[in-house]
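Protein chains in written order, with our numbering: chain Y, 61 to 598; chain G, 1169 to 1685.
1. In whole angstroms, what is the alpha-carbon distance linking residue 1614 of chain G and residue 1541 of chain G?
2. So, does the CB of residue 1299 of chain G fall closer than 9 Å to a CB anywhere in chain Y?
3. Determine, using beta carbons only, whether residue 1204 of chain G comes closer than 9 Å to chain Y.
4. Any beta-carbon of chain A closer than 9 Å to the one on residue 1226 of chain G?
5. Beta-carbon separation of residue 1583 of chain G and residue 1298 of chain G under 9 Å?
6. What residue does the alpha helix (DSSP H) around residue 167 of chain Y start on, and which one ends it?
7. Would you list, in chain order, the members of the region 80-100 of chain Y that have their beta-carbon closer than 9 Å to a beta-carbon of chain G?
8. Rounded to whole angstroms, what is the Cα-Cα separation between residue 305 of chain Y and residue 315 of chain Y?
9. Return the residue from the list Y:253, Y:554 and Y:204 that minimises the CA-CA distance to residue 375 of chain Y.
10. Distance check for residue 495 of chain Y and residue 355 of chain Y, CA to CA, integer angstroms please.
11. Can you give me the Cβ contacts of residue 1280 of chain G inside the same chain, cut-off strictly under 8 Å, excluding the 5 residues immediately before and after it?
12. Drop a sphere of 10 angstroms on the beta-carbon of residue 1580 of chain G, count the other beta-carbons inside from all chains shown, and report buried for 16 or more, exposed for fewer.
13. Using a beta-carbon distance cut-off of less than 7 Å, what residues from the region 525-553 of chain Y approach chain G?
14. Report the option in G:1588, G:1677, G:1655 and G:1668 whose CA atom is closest to the CA atom of residue 1531 of chain G.
15. Counting only Cβ pairs nearer than 7 Å, list the residues of chain G close to residue 124 of chain Y.
16. Between the region 457-468 of chain Y and the region 567-587 of chain Y, do three or more beta carbon pairs fall short of 8 Å?
17. Measuring straight from C-alpha to C-alpha, what distance separates residue 1548 of chain G and residue 1669 of chain G?
18. In terms of residues, what are the limits of the alpha helix (DSSP H) holding residue 227 of chain Y?
19. May I have the straight-line CA-CA distance separating residue 249 of chain Y from residue 1521 of chain G, to the nearest angstrom?
20. Suppose you measure from the CA of residue 172 of chain Y to the CA of residue 1564 of chain G; what does that come to, to the nearest Å?
21. Could one say the Cβ of residue 491 of chain Y lies closer than 9 Å to chain G's Cβ atoms, at least one of them?
22. Are the C-beta atoms of residue 1583 of chain G and some chain Y residue less than 9 Å apart?
23. What does the alpha-carbon distance come out to for the pair residue 1169 of chain G and residue 1533 of chain G?
24. Which residues mark the beginning and the end of the alpha helix (DSSP H) in which residue 1662 of chain G is found?
25. At a Cβ threshold of 9 Å, is residue 102 of chain Y touching chain G?
26. Taking beta-carbon pairs under 7 Å, can you tell me which members of the region 1176-1200 of chain G lie near chain Y?
27. Please determine if the region 1247-1260 of chain G and the region 1491-1510 of chain G are in contact, where contact requires at least 3 C-beta pairs separated by less than 8 Å.
28. Work out the CA separation of residue 1345 of chain G and residue 1383 of chain G for me, nearest whole Å.
29. Should residue 1187 of chain G and residue 479 of chain Y be called a contact, given that it needs their Cβ atoms to be closer than 9 Å?
30. At a CB-CB cut-off below 8 Å, which residues of chain G make contact with residue 494 of chain Y?
31. Confirm, please, whether the CB-CB distance from residue 364 of chain Y to residue 117 of chain Y is below 9 Å.
32. Please give the ranges of any alpha helix (DSSP H) in the region 322-387 of chain Y, keeping only runs that are unbroken, at least 4 residues long and fully inside the region.
33. Alpha carbon to alpha carbon, how far is residue 445 of chain Y from residue 68 of chain Y? Give it in angstroms, no decimals.
34. I'd like to know whether the C-beta of residue 480 of chain Y is nearer than 9 Å to at least one C-beta of chain G.
35. Check each residue of the region 1279-1293 of chain G: if its Cβ is closer than 8 Å to any Cβ of chain Y, include it; give the result in chain order.
36. Apart from the five residues just before and just after residue 1679 of chain G, which ones in its own chain have a Cβ nearer than 6 Å to its Cβ?
Following this line, the structure appears as structure tokens:
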């Protein structure tokens, strides 16, 4: 069977050209950097095009949406001294989109505010700019996201790909690398949330990505600095904390002088935090005031219809009524840590590059599923390590991206981004199945790659989970649900019926995949540790 | 085929993303035509004056609009309402029209498929990149709004039929195309001479039989298009609408053609003469105003009439016609057609800058044939795309057009340098290709052997650098340094600068036709 497929491929190639078996040869022959250039210009173009679409809360006074929140932060940071940014005062009404992200976001807002002020001073004027919306204002705001993306996320991707390539974790072909770059850069969820809905996830995710790349290339100190910066841009980056912690700790423990290594890392983390938090370190109250803004416990354990454990199980168990917020907080923290634990233990015991990527995936999924105050958009965090593993986890990437998109569909529908959603989803599928790409080639090579990395047991599980029939059925279901959501009105008795169904389906898939990835991570340690050790000796 | 569909799919998703972007008044023009053809009987199509956007395309296009209006009516009847629909800007109208362009691009897909069927796979990929991902078509059709992709599908189809030796079919499709958009008629002399010499040969009797066959086909097509209007006795009205010579020598944005130099020369001489002391009155009429009144828009130089431009186009075209007459070859038809459009673009009356697509699209088919072709196409394609920049003048689309051109340049660079690599190992396959292209003369293959590698000379490099300089001047330095003074200067610079490139392309093509064919 395998041979037949290969024969077919050879024959086909001969018919086509005979010389290059890779249809993307012309694009990738100049090396990684030039294919990165090409893909990134296209990715940037797509981002600009998505920016033409509406943003969240356009023309919806009085609260508007995330766009207004970001603009308001620029207004606040630009016009008030740093010590007043997080404080409720007569000029800073915290109930109207008060700043609730860490200081690095505030600094970023300040810089962007300066940019906006030079071209459109009205858009960031104190008070009078509340709910300010204009053609130029929208453009300038969009361009701030674009520039952050280009300056932080894109270089981070290049850095990561170069590191990943030099470690030979992926396959050999140049076109596979180009495909990998495209998978990271053209992730539809990230583009839709940042350039459609309007947020700056590219900054925190870009910093995290750079940190991952640094960690993989053994620059642990650089990695900790970058990760602390990510954490200080968006507290949600804490989803990755267990993985970073355990991987770095595991590596320190392997060292001759574990205490010294840990001390070095600790010092650098404290130092980075001190620099970022400098304006708030003069008194204990100031720092605590900022800290309390960052943890909005009063907003409840979940929001809207997010496909995580608490929200899904609330169909049966009314968590919000049964327990106080205080006890829910402890409960969710315990659940999160408990589910993170297996992957943390694995990394502490046997830190490995691949294992680290899986650990990132697992810890972010545990946070998404079990932590307090999770938003639909948080699914971006598990998606990042998944795209990094694109070459290993091809089918999961397709499948999970599908459900991540699906879980955000109600949100994007509210933002009137359905057209961009459809277009980007189609674009993702097309690029994923690019002819000549890793998933567009003959099946024979795919199964061969798979058998190298997985054991028989795993193959059995994945053969069931990825069975064409199962996938087809679930795919069809979600397609029908999309259509139903767009065309039909839910019964009056259950106004959020469709959202709940979407949430249930996505939750079931996310849980399955968390289990799958956890077991995969543990499988790795069995036959990868020996390899890793060999590499280290060399 | 699967790969071609993939290319097309990527382009389609991008087009979908661009739906909310800026669109020109052409959207309203086409919407109004939907309304005219839907609400009025055929006999009043070319008489309707409800809006200033009267129907000025040939009848097949009107039938096409009639066909679309059926669906438009199903989606939102107001789109096709003659009065209530005026300046209707609802999402339904915009989405419907945008999507109709995207769907009609299937003709482009088919044309590209037919014309690249027999190419080796690498070259085929490259032609797809040039055509399916053409930034010019994207800007004109999916941002500015027009149906050019659909029309170029027909043109490519016709050219490839001729190139395959199916002359009758090629002639038929070109006749159909002419009844869609008469702007394509600039290439009609080339088609005429070619078909006459290539198809109608083989003795007097056989030649005459074939001549009558193709004549019958063309007459049948034109009868299908214009018949109903002849029946209603409106043919003069149709022609008057189709050829509005009331418009000026230049379009609102000056197309980068020969007349830009002519105007500049006129201004320059007038300026100098005034300095010397002559009393030269400043002309009242503008170049875009047309033939209204008797005033000449020129201060010194003789005035240009539509007749002058017509003669100049024919003169410029004559070497090509002569060559085609002497030696009609199927492989050369794409070049001849492109050359005809180049002449029309350079010397024509009221040329629109969008017409530069007429040059760059057919030439894409032959751009992969030799190193020289690739070098020429690289330059031409950038100039042609850059000359479209003034169409999208709003800030929102600025990054889009710049990134499109940048992406196109990068892709072309990769394409051509993969096709013409430095090492000799790849030469084998190249020479195979050369054998198949028989017309390749010794001279060109020798030079190609000496310099296999795709790289630009310093002239081309500095010219392209100049494009960047002109753009930076127009966008950033001009408003900063001069403020509101001389507001026309940036656009004029773009026209002038692109005109240099187009004139170069014209001379290059002319040289090619004279020397190599």
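Each residue gets a CB set at the ideal place from its N, CA and C atoms; glycine is no exception.
On the basis of the data shown:
1. Here residue 1614 of chain G corresponds to residue number 446 of the second chain, with the count starting at 1. Here residue 1541 of chain G corresponds to residue number 373 of the second chain, with the count starting at 1. No answer about residue 1614 of chain G holds up, because its pLDDT of 43 lies below 50 and its placement is not dependable.
2. Within the second chain, numbered from 1, the residue matching residue 1299 of chain G stands at position 131. Answer no: the Cβ-Cβ gap between residue 1299 of chain G and chain Y never drops below 9 Å.
3. Taking the second chain and counting its residues from 1, one reaches residue 1204 of chain G at position 36. So no, residue 1204 of chain G is outside the interface.
4. Reference to chain A is not applicable here, since the protein chains of this structure are Y and G.
5. Here residue 1583 of chain G refers to the residue found at position 415 of the second chain. Here residue 1298 of chain G refers to the residue found at position 130 of the second chain. At the C-beta level, residue 1583 of chain G and residue 1298 of chain G come within 9 Å of one another.
6. Within the first chain, numbered from 1, the residue matching residue 167 of chain Y stands at position 107. Run containing residue 167 of chain Y: 163-179, per the alpha helix (DSSP H) assignment.
7. Correct list: 80, 83, 84, 85, 86, 87, 88, 89, 90, 94, 95, 97 and 98.
8. Here residue 305 of chain Y corresponds to residue number 245 of the first chain, with the count starting at 1. Here residue 315 of chain Y corresponds to residue number 255 of the first chain, with the count starting at 1. Approximately 16 Å between the Cα atoms of the pair.
9. Counting from one through the first chain, the residue named residue 375 of chain Y turns up at place 315. When each option's Cα is compared against that of residue 375 of chain Y, the closest is Y:554.
10. Within the first chain, residue 355 of chain Y is the residue found at index 295, counting from 1. Within the first chain, residue 495 of chain Y is the residue found at index 435, counting from 1. Near 47 Å, if we compare the C-alpha coordinates of residue 495 of chain Y and residue 355 of chain Y.
11. Translated into the one-based positions of the second chain, residue 1280 of chain G becomes position 112. Cβ neighbours of residue 1280 of chain G beyond the five flanking positions: 1172, 1295, 1296, 1299, 1300, 1321 and 1324.
12. The residue you call residue 1580 of chain G lines up with position 412 of the second chain. Looking at its Cβ environment, which holds 16 or more other Cβ atoms inside 10 Å, residue 1580 of chain G is buried.
13. none
14. As a working mapping, residue 1531 of chain G is identified with position 363 in the second chain. Measuring from the Cα of residue 1531 of chain G, the nearest candidate turns out to be G:1677.
15. Working through the first chain from its first residue, we reach residue 124 of chain Y at position 64. Ordered by position in chain G, no residue passes the 7 Å Cβ test against residue 124 of chain Y, which lies about 19 Å from the chain.
16. yes
17. Counted from its first residue, the second chain places residue 1548 of chain G at position 380. Counted from its first residue, the second chain places residue 1669 of chain G at position 501. Using only the alpha carbons, I get a separation of about 7 Å.
18. Along the first chain, read from residue 1 onward, the residue named residue 227 of chain Y stands at position 167. Careful: residue 227 of chain Y lies outside any alpha helix (DSSP H) and carries neither H nor E.
19. Position 189 of the first chain, counted from the first residue, corresponds to residue 249 of chain Y. Position 353 of the second chain, counted from the first residue, corresponds to residue 1521 of chain G. Using only the alpha carbons, I get a separation of about 38 Å.
20. Translated into positions along the first chain, residue 172 of chain Y becomes position 112. Translated into positions along the second chain, residue 1564 of chain G becomes position 396. Their Cα atoms are separated by approximately 18 Å.
21. For the purposes of this step, residue 491 of chain Y is taken as the residue at position 431 of the first chain. Output row for residue 491 of chain Y: interface = yes.
22. In the second chain, counting from the first residue as 1, residue 1583 of chain G sits at position 415. Yes, residue 1583 of chain G counts as interfacial toward chain Y.
23. Taking the first residue of the second chain as 1, we reach residue 1169 of chain G at position 1. Taking the first residue of the second chain as 1, we reach residue 1533 of chain G at position 365. Their backbone Cα atoms lie some 17 Å apart in a straight line.
24. As a position in the second chain, residue 1662 of chain G is number 494, starting the count at 1. Per DSSP, residue 1662 of chain G belongs to the alpha helix (DSSP H) from 1657-1679.
25. In the first chain, residue 102 of chain Y corresponds to position 42, counting from 1. For residue 102 of chain Y, the closest Cβ of chain G is nearer than 9 Å.
26. Within the region 1176-1200 of chain G, the qualifying residues are 1177, 1178, 1181, 1182, 1184, 1185, 1186, 1187, 1188 and 1189.
27. no
28. The residue you call residue 1383 of chain G lines up with position 215 of the second chain. The residue you call residue 1345 of chain G lines up with position 177 of the second chain. Taking the CA atoms as reference points, residue 1383 of chain G sits about 16 Å from residue 1345 of chain G.
29. Within the second chain, residue 1187 of chain G is the residue found at index 19, counting from 1. Within the first chain, residue 479 of chain Y is the residue found at index 419, counting from 1. It is a contact, given that the beta carbons lie within the stated cut-off.
30. To locate residue 494 of chain Y, count along the first chain from 1; it is residue 434. Simply 1174.
31. Stepping through the first chain from its first residue, residue 117 of chain Y is reached at position 57. Stepping through the first chain from its first residue, residue 364 of chain Y is reached at position 304. Not in contact: residue 117 of chain Y and residue 364 of chain Y (Cβ atoms no closer than 9 Å).
32. 344-354, 369-373 and 379-382
33. In the first chain, counting from the first residue as 1, residue 68 of chain Y sits at position 8. In the first chain, counting from the first residue as 1, residue 445 of chain Y sits at position 385. Confidence in residue 68 of chain Y is poor, its pLDDT being 34 and thus under 50, which makes the residue's placement unreliable; the coordinate value appears in the next sentence. Answer to the nearest angstrom: the Cα atoms are 35 Å apart.
34. In the first chain, residue 480 of chain Y corresponds to position 420, counting from 1. Yes, because at least one Cβ of chain G sits closer than 9 Å to the Cβ of residue 480 of chain Y.
35. 1288, 1289, 1290 and 1293
36. As a first step, residue 1679 of chain G is located in the second chain; it is residue number 511 there, counting from the start. Correct list: empty, nothing qualifies.
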